[in-house]
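Heads up, my numbering is the position in the sequence shown plus 1, with the first residue counted as 1. In this text, a Cβ means the ideal position worked out from N, Cα and C, and glycines have one as well. Remember, it's a predicted structure, so these values are computed and weren't measured experimentally.
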Amino acid sequence: MAESITIIDNRSGETSEIAIVNGGVSAAEWSKLLPGVWFYDPGFMSTAACESAVTYLDGEAGILRYRGYPIEELAEQSTYLEVAYLLLHGQLPDTAEYEEWTHDITYHTFIHENVRKRFLEGFHYDAHPMGMLVSAVAALSTFYLDAKDIFDPDSRRKQVIRLIAKMPTLAAAAHRFSVGMPFVYPDNSLDFASNFLSMMWKVAEPRFEANPVLTRALDILFILHADHEQNCSTTAMRVVGSSHADPYSATAAAAAALYGPRHGGANEAVIRMLTEIGSIDNVESFVNEVKAGKGRLQGFGHRVYKSYDPRARIIKRTADEVFSVTGKNPLLDIALKLEEIALSDEYFTSRRLYPNVDFYSGLIYQAMGFPLEMFPVLFAIPRTSGWLAHWQELLDQDSRIARPRQLYIGPDERQYVPIDRR
Ligand SMILES: CC(C)(COP(=O)(O)OP(=O)(O)OC[C@H]1O[C@@H](n2cnc3c(N)ncnc32)[C@H](O)[C@@H]1OP(=O)(O)O)[C@@H](O)C(=O)NCCC(=O)NCCS
């Protein structure tokens, strides 16, 4: 074999040769040669759980591509809805396809009145918008019973469109409820990002006019967050999807994974950290504390990127454009100083810790007026298209149900002792 690994089983003295394909070995081949010898791999650090053609990521080189297209080119020239089409269909749409896609998404933004009146309004007055979103997405499966026909192409397309279209409506509804503002219906004459901003901020004006710079910035943030291959929430989507659950239930599971502070909460942690630092004068001492092991620099470092996160570079540019409209976020100077000090400090450079996408995204969201609780919700809106692209791919691949093994470490067999004798 051109590239292979030779393994000597010291129990039997047998030698096996396993091919290395695409940088890895197939577990199916492995278990044929070495039955009963499994991998212990918590967190799936060395396990590829699927083949995927959606997103390419090279963390060493700082490369991110959707369906082969560099993220930089998409962020520069595309729109979120076009990127969503690309992720789901594998190629960019032509004009007619794009118009039909945009039209379909735009005309599926309304939610059933019962979702709002009976369901969303049933939450406690101070409910977290992300908790409301996760539950509302799951509840949608009870409104669209055809969603269970996951192998019917028409039904599948319909649910994909509904999910992408209704996420901003549910997200804005959750926010409005949490601040005691009346629900704003979608405006089908607006583009995706403008419509979301209208549902978020409209008060009494007949038509909400979003600032085009802010609309474009939000659309770019949506593009940057649309997919990121096998992260925690996408894995949740694939695991739940592999049981052939309907796409609303699977998306709710993915959104629940995103709710966790280790996944969708890092940009909120950045804002809290910058607020705690409070002034440029305190940056140096804060960095020294981090170096001494007291906490981490939020928004720095990444499980896969070991160079500058390409999304962080784009976001930094977008931040300047947003601040030219909103005025500078007062925390920006602290962030820039922090980045400057960290990037010239051996502690961070030797560990290859660079700013990630979350370092600047929170500053933009905050400058645009979004409360911290909305940050994971803003992440979930565009990531829905990525989750669905992986869900479709999984079904098209006729994947097996996800069912990892475990290494049992509990007690050996023991006998039940009645309660009065324990
Ligand atoms: C993202 C993250 C969890 C990746 O972790 P990881 O790849 O498992 O890296 P490790 O935890 O193994 O850290 C490797 C080393 O870098 C240090 N390190 C990693 N991230 C750090 C950070 N943000 N600040 C300071 N030190 C950090 C660790 O202390 C460790 O140092 P050591 O080798 O002396 O023990 C981590 O970088 C982190 O916690 N970042 C801050 C939170 C964040 O921004 N998350 C959003 C990711 S999109």
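Less than 6 Å between C-beta atoms, sequence neighbours within five positions excluded: which residues of the same chain meet that for residue i?
i	result
leucine 65	Leu58, Ile72 and Pro311
isoleucine 6	Ile19
alanine 140	Phe120
lysine 149	Asp247
alanine 166	Ile106, His109 and Thr110
phenylalanine 287	Ile278
alanine 257	Val135
arginine 353	Lys307
leucine 93	Leu87
glutamate 4	Ile21
tryptophan 39	Arg406
serine 17	Ile8 and Leu34
valine 240	Ala403
glutamate 98	none
Is residue j closer than 9 Å to residue i when the C-beta atoms are compared?
i	j	result
alanine 137	valine 161	no
phenylalanine 178	methionine 238	no
asparagine 357	alanine 227	no
phenylalanine 193	isoleucine 316	no
arginine 384	leucine 259	yes
glutamine 398	isoleucine 272	no
alanine 270	glycine 300	yes
alanine 54	glycine 91	yes
glycine 265	methionine 375	no
alanine 403	serine 244	yes
proline 169	asparagine 196	yes
proline 183	methionine 200	no
arginine 68	leucine 87	yes
valine 185	lysine 159	no
leucine 225	alanine 76	yes
aspartate 387	threonine 235	Reading off the sequence shown, one finds glycine at residue 387, where the question assumed aspartate. In this structure, threonine 235 lies closer than 9 Å to glycine 387 by Cβ.
arginine 304	glycine 60	yes
leucine 332	alanine 320	no
phenylalanine 144	histidine 113	yes
glycine 181	tyrosine 126	yes
lysine 292	aspartate 346	yes
Run through the DSSP bridge pairs and tell me what residue i is partnered with.
i	result
threonine 16	Ile9
phenylalanine 184	Answer is none; phenylalanine 184 lacks a bridge partner.
phenylalanine 349	Bridge partners of phenylalanine 349: none, in fact.
proline 356	Phe301
So residue i packs on residue j, CB below 8 Å; how close in whole Å?
i	j	result
threonine 146	leucine 389	First, the residue type needs correcting, since residue 146 is leucine and not threonine in the sequence shown. That pair is no contact at about 19 Å.
leucine 298	asparagine 330	18 Å between Cβ atoms; not a contact.
lysine 338	isoleucine 281	5 Å
serine 400	serine 250	With a Cβ gap of about 17 Å, serine 400 and serine 250 do not count as contacting.
phenylalanine 371	alanine 336	About 17 Å separates the two Cβ atoms, so there is no contact after all.
tyrosine 348	tyrosine 306	Going by Cβ atoms, the distance from tyrosine 348 to tyrosine 306 rounds to 18 Å, so no, they are not a contact pair.
phenylalanine 152	leucine 395	That pair is no contact at about 12 Å.
tyrosine 41	leucine 408	6 Å
histidine 229	threonine 56	7 Å
alanine 172	isoleucine 382	6 Å
glutamine 468	leucine 89	In the structure displayed, the chain extends from 2 to 423; residue 468 sits before or after that span and is not available.
glycine 63	tyrosine 309	5 Å
Give every residue of the same chain whose Cβ lies closer than 8 Å to the Cβ of residue i, excluding the five residues on either side of it in the sequence, and list them in chain order.
i	result
methionine 369	Leu215, Ala218, Leu219, Val323 and Thr327
serine 325	Val214
asparagine 232	His264
glutamate 290	Gly296
Are there any heavy atoms of ligand 2 lying less than 8 Å away from the beta-carbon of residue i, as far as the coordinates show?
i	result
histidine 303	The ligand content of the structure shown is limited to ligand 1, which means ligand 2 is not among them.
Whose C-beta lies closer than 7 Å to the C-beta of residue i among residues of the same chain, with five residues either side of it excluded?
i	result
proline 377	Met131, Leu259, Tyr260, Gly265 and Gly266
tryptophan 31	Ile19
asparagine 23	none
phenylalanine 380	His226, Leu259 and Gly265
Does any C-beta atom of chain B lie closer than 9 Å to the C-beta of residue i?
i	result
proline 372	The structure shown has no chain B; it contains just one protein chain.
- Query: Which full runs of the alpha helix (DSSP H) of 4+ residues lie inside the segment 22-81, going along the chain?
  - Reply: 28-34 and 72-78
- alpha helix (DSSP H) runs wholly inside the segment 241-273, at least 4 long, in chain order: 248-260
- Item | Completely contained alpha helix (DSSP H) runs for the segment 156-226, where each covers 4 or more residues | 193-202 and 213-225
- Whole beta strand (DSSP E) elements within the segment 75-114, 3-residue minimum: Those beta strand (DSSP E) runs which fall completely within the segment 75-114 and span 3+ residues do not exist here.
- Task: Note down, one range per segment and in chain order, each alpha helix (DSSP H) of at least 4 residues found wholly within the segment 278-330.
- Result: 284-292 and 311-327
- Query: Which runs of the alpha helix (DSSP H) fall wholly inside the segment 110-145 and span at least 4 residues, in chain order?
  - Reply: Those alpha helix (DSSP H) runs which fall completely within the segment 110-145 and span 4+ residues are 130-141.
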